[in-house]
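Student: Per the numbering used here, numbering through the sequence shown is continuous, rising by one, with the last residue being 754. For each residue, glycine too, the CB sits at the ideal point set by N, CA and C. Before I ask anything, let me first share the structure, which is written out below as C-alpha cells.
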Amino acid sequence: MANPSAQAWDALIIGAGHNGLVCAAYLARAGKRVLVLERRGVVGGAAVTEEFHPGFRNSVASYTVSLLQPKVIADLDLPAHGLTVVPRRIN
Numbered sequence: 664m665a666n667p668s669a670q671a672w673d674a675l676i677i678g679a680g681h682n683g684l685v686c687a688a689y690l691a692r693a694g695k696r697v698l699v700l701e702r703r704g705v706v707g708g709a710a711v712t713e714e715f716h717p718g719f720r721n722s723v724a725s726y727t728v729s730l731l732q733p734k735v736i737a738d739l740d741l742p743a744h745g746l747t748v749v750p751r752r753i754n
C-alpha cells in the first residue's frame with residue numbers, strides 16, 4: 664500500500680493487539696475497508712513474545728489466548744493461519 668492516508672476507510676483500528684486484529688478481521692469480512700495502525704514495529708500487543716533479558720524470552724500475556732472464544736477461533740479459521748495452542752502441564 665503506497666499511501667494509506669490517501670485512501671478512504673470505513674474503519675480505523677488504533678492498535679494491532681489481539682483485540683484490534685480480531686475486530687479488524689470481522690469488519691473486513693463484513694466488507695468494510697479497514698486500516699489498522701500500530702505504533703510499534705510488531706503486531707500482537709500483549710501477546711507478543713519479547714526478550715526481557717538477554718537470552719530470555721517470554722510472552723507476558725500469552726495465557727490470554729486461553730480466553731479467546733472458540734467461536735472466534737472457528738469464525739476466523741485461526742488454525743489455518745498458524746494458531747497453535749499448546750497446553751502446559753503444571754508440575
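Check whether the region 693-705 and the region 716-725 are in contact - that is, three or more C-beta pairs closer than 8 Å.
Tutor: Flag = no, the region 693-705 and the region 716-725 do not touch.
Student: In the DSSP assignment, what are the bridge partners of residue 675?
Tutor: DSSP output for residue 675 lists 698 as bridge partner(s).
Student: Taking the beta strand (DSSP E) that residue 721 belongs to, which residues open and close that run?
Tutor: Looking at the DSSP string, the run of the beta strand (DSSP E) that includes residue 721 is 719-721.
Student: Given 8 Å as the limit, is there contact between the region 730-746 and the region 708-720, that is, 3 or more CB pairs closer than that?
Tutor: Touching, no, given that fewer than three Cβ pairs across the two stretches are closer than 8 Å.
Student: Quick one: what does DSSP say residue 707 is sitting in, helix, strand or coil?
Tutor: Looking at residue 707 - three-state DSSP - the assignment turns out to be strand.
Student: Could you tell me whether the Cβ atoms of residue 691 and residue 697 are closer together than 8 Å?
Tutor: Yes, the Cβ-Cβ distance between residue 691 and residue 697 is below 8 Å.
Student: State the Cα-Cα distance for the pair residue 687 and residue 720, rounded to the nearest angstrom.
Tutor: The straight-line gap from Cα to Cα measures roughly 28 Å.
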